[in-house]
Structures are given as structure tokens and as C-alpha cells.
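Q: Counting in our numbering, the sequence shown runs from 14 upward without gaps. C-beta: ideal position from N, C-alpha, C; glycine also. Every value quoted in this text rests on a predicted model; they were computed, and no experiment measured them. Before anything else, here's the structure in question.
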Amino acid sequence: MRIFYDFPPFRPPSEASSYLVRIVRGCNWNKCSFCGMYKSTKFYQRKKEEIIEDINKIKLFFPPSRTAFIGDSNPIIHRDIVEIIRYLKERYPEIERITAYARIKTVANMNDEKLSEIKNAGLKRLHMGLESGCNEVLEDVNKGITAEDAIIAGKKARKFFEFTYYIITGLGGKEKSEMHAKETAEVINKAKPTFVRVRNLTIVENTLMEKTFDRTALLNAEQQLLELKTIVEGIKVETEFLCDHVSNYLFTKDGPIFFGVNGKLPNDKKKILEELEDALNLVRILEKSGEKVLTSNDMRKLGYINL
Ligand code: SF4
């Protein structure tokens, strides 16, 4: 038996205490200009026998858990996905929730029969990167999907799974900020994801964006909050809205002053908008007094946060 366990290098924060099972390595798209996650990983499907071996050893590497996450990016294209999930579920019947990353394009193109098989095997939730509902922005960042794909994928995914759409504030820069925010909210209204999780654009090393994005187009703290506000205002459907990532935080030299906003829409919309208004007022007061409010990009440049 191999001692080695093949850990997926990334998982969503909400899967922090999940068993992690790597069934593909890397990303089969790997072209989004902002993403450096799998740049040095060649994509391939791991052999079923090795995956089964990892599953058998899970309790040697993880504390007991009732949730499991399947990696890396887009594992639902693995030729043995149904069998692997079924085995995981049978081996550890106490697992209540199995989740996976998935590409919107893949889900949009997958037939209902296959999605239903994957669901019946035990997969419960998909984590999908929408990033923007604006076609211009999606094209700028080479996401390889359109807003229409995201609506189709959302409608399909909803029939079988819970699903998250991740979105990125600042992805359209200053110029496309409003269009990006409004069109993203529109796609959310049509796709109706169970969760919307927000990340703020943070330029990372070794990405195409690091070389090509004009840093003067990055949103400042006030613009980041205004964009977030436009998105929340635009969402009319039921969804859980979460800023569960440090990239949403705003800081002064003394520490964080804003931790993002969270709540169930539409019920918590008023509360969220009030929180954003309070944060906007605070930022304006601080900046007026000469105190610079730092975004995730400033903090990363200073070496205080690592994403
Ligand atoms: S954002 Fe997702 S789809 Fe795009 S390159 Fe990164 S892992 Fe692949």
C-alpha cells in the first residue's frame, strides 16, 4: 500500500473540515487570466485504483467528518465519477454531503441523465466559478463561458444539486464596474444559485492578469463597496449571499475594518445594504482624514495576506 495520499491543493473555505479526495489533477481549462491555481499542474484523470486506495486510507489522514470534497477543478468529467462517489458513500455511510468544483461549461453541456446519475451516486453540491455575468468581462478574462452558459448550467444544476456561483468584484476594473455588477446580478436572478460567494479581484503572481492588467484600473475601497452594493441591490431571487473570504476585507494600518457582508436574500437585503452603507461612510470618513483604506490588492502587495 502507498503511504502517499494525494491531497487536492485547493478547496473552498466551506470545505475546511471535509475529507478531501483528489480524482483529477489540475484544471482542464486552465486559461482564466486571473487564476494561478493549477498553472504548474498538468491536467489528468487519476486512475480509479489509486483513488480507491486513497479513499480506503482517508481516516489515517483526516479527523472524522460528515462531509467530503472532490478535487481538483472539474472532477465531474472523470470517466469513473459515478463509481468513485458511490464507493466513497458506501465506504463511509456517515458522510452526509459530498461536493465538488465544476465548470459551468461542463454542466451546461452535460445531459440530465448523467447529472442525475452523479446525484444518485451521492454528490450533493457543486462549486462553480461564474466570476461575472457580463459577457465582455468574461471574454476579457478568458473564462471560456458566456452568461448564457451560466444560465443554462444554473437551470440544469438546480434540478439535481445545491450549487454555489462564485463571483469576483473588481473583475471588470473601474470602467466596467457597473455593467459587471448589474449583469452579474441578472445572471444570478436567472440561474438561481443556492449560494453566491464573493471574492475580490486580487492579482496573483504567475498569471496572465499580472502581466496584462492595468493596476490603475483596480477598484479602491469605496469602489469595491459600491460594486458590491449594486450586486446586492440587483439580486431579486432567494439565495445565500456570502463574502466568506479574506479578499473581501478592507483594512487600515491598524487592522481590518470591514469583513464582508453575509445573509439570506431577499430577507436580509435591507440589513446587508445598511451594513454596506455604514462601511461606505466609514471609508469616506477615514480617507477624508488622510487614512488610506487598504484592499486585498494593497495587502497582498505589502505581503500581509497570501491568497
Ligand atoms: S478559475 Fe477555474 S476554470 Fe479558470 S483556470 Fe482557474 S481552476 Fe480553471
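Name the DSSP bridge partner or partners of glutamine 58?
A: Bridge partners of glutamine 58: Val37.
Q: Here's a check: name, in chain order, each residue in its chain whose Cβ is nearer than 7 Å to the Cβ of leucine 295, leaving out the five neighbours to either side.
A: Counting only Cβ-Cβ distances below 7 Å, and skipping sequence neighbours, we find Ile270.
Q: Looking only at its chain, what residues have a beta carbon closer than 8 Å to the beta carbon of arginine 313, apart from the 5 residues adjacent to it on each side?
A: Within the same chain, arginine 313 has close Cβ partners Thr215, Ile216, Val217, Asn319, Leu320.
Q: Whose C-alpha, out of Ala29, Asn261, Gly247, Asp227, is nearest the C-alpha of leucine 238?
A: Nearest C-alpha to leucine 238: Asn261.
Q: Confirm, please, whether the CB-CB distance from glutamate 28 to threonine 119 is below 8 Å.
A: Result no, Cβ atoms of threonine 119 and glutamate 28 do not sit closer than 8 Å.
Q: Would you mind sorting threonine 243 into buried or exposed? The rule is 16 or more other CB atoms within 10 Å of its CB.
A: It counts as buried.
Q: Just reading off the alpha helix (DSSP H) that leucine 151 is part of, what are its end residues?
A: Note, leucine 151: alpha helix (DSSP H), 148–153.
Q: If you draw a straight line from the alpha carbon of threonine 265 to that of arginine 297, how long is it in whole angstroms?
A: Looking at the two C-alpha atoms, the distance is approximately 13 Å.
Q: Would you check if the region 114–130 and the region 165–172 touch, i.e. whether three or more CB-CB distances between them fall below 8 Å?
A: Output reads yes: the region 114–130 touches the region 165–172.
Q: When you compare each of Glu130, Phe20, Pro25 to cysteine 256 by their alpha carbons, which one comes out closest?
A: For the residues Glu130, Phe20, Pro25, the minimum Cα distance to cysteine 256 belongs to Pro25.
Q: By Cβ distance, which residues of its chain are closer than 7 Å to glutamate 130, with the 5 residues on each side in sequence left out?
A: Taken in chain order, the residues that qualify are Val95.
Q: Could you tell me if tyrosine 32 is buried or exposed, where buried requires 16 or more neighbouring beta carbons within 10 angstroms of its beta carbon?
A: So tyrosine 32 ends up on the buried side.
Q: Threonine 225 by DSSP, collapsed to three states: which one?
A: Of the three classes helix, strand and coil, the one that applies to threonine 225 here is helix, per DSSP.
Q: Where does asparagine 233 fall in DSSP's three states?
A: Here asparagine 233 sits in coil by DSSP.
Q: Could you tell me the alpha carbon to alpha carbon distance between aspartate 267 and glutamate 290, rounded to whole angstroms?
A: Approximately 22 Å between the Cα atoms of the pair.
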